[in-house]
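Read in order, the letters of the sequence shown correspond to residues 1 to 134 in UniProt numbering.
Glycine included, C-beta positions come from ideal geometry on N, C-alpha and C.
Notes for the one structure printed next.
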Amino acid sequence: MNENLKKKLIEYTAENAFVQACGIEIWELEEDHAVMGTTARPELLNPMGMLHGGLLFTLADCCSGVTARTDGRTYVTQTGSLNYYRNIHEGQVYAVGKVQHRGRTVCTVLVEIYVKETQKLLAAGTFSMFATQN
């Protein structure tokens with residue numbers, strides 16, 4: 001992967017206010033693959049004291065978007081689907097995005113979310129990202 005593109009994606013993500021509010025960061029980045037993570041904090045928990053499902057969906061969506069963008073184009077989310085399997089009260093979680101299919105206008109990304117400490121699968125899904133520039 002081009003180092004300039006890698007730097008651009010890291011900066012773009014770091015400057016996104018919503019991503020900052022969720023504490024999401026890029027942990028790994030290469031062509032057609034990204035890993036992004038965050039740490040459970042009180043403001044990210046649901047009323048039951050577990051990571052909010054919306055945060056997990058946001059993490060998956062952000063990871064899918066960055067994964068799609070590794071080709072240098074700009075994308076927006078077209079569709080997203082996430083299956084939830086378990087949850088945590090504390091610790092770190094990370095999403096792994098991998099391109100399943102890259103077409104002329106749509107990139108499909110498979111994403112899985114894990115607990116960093118135990119490597120247990122929390123959620124998995126598929127996101128279709130639409131290229132806004134060809």
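- Residue 26 sits close to residue 34, with the two beta carbons spaced by under 9 Å.
- Fewer than three beta-carbon pairs drawn from the region 113-121 and the region 70-81 are found closer than 8 Å, and the two stretches are therefore not classed as touching.
- Note that the C-beta distance between residue 55 and residue 44 is below 9 Å.
- Residue pairing for residue 34: DSSP places it in a beta bridge opposite 29, 97.
- Residue ranges of uninterrupted alpha helix (DSSP H) with 4 or more members, entirely inside the region 34-93 and ordered along the chain, are 53-68.
- Partner residues in a beta bridge of residue 24, as assigned by DSSP, do not exist.
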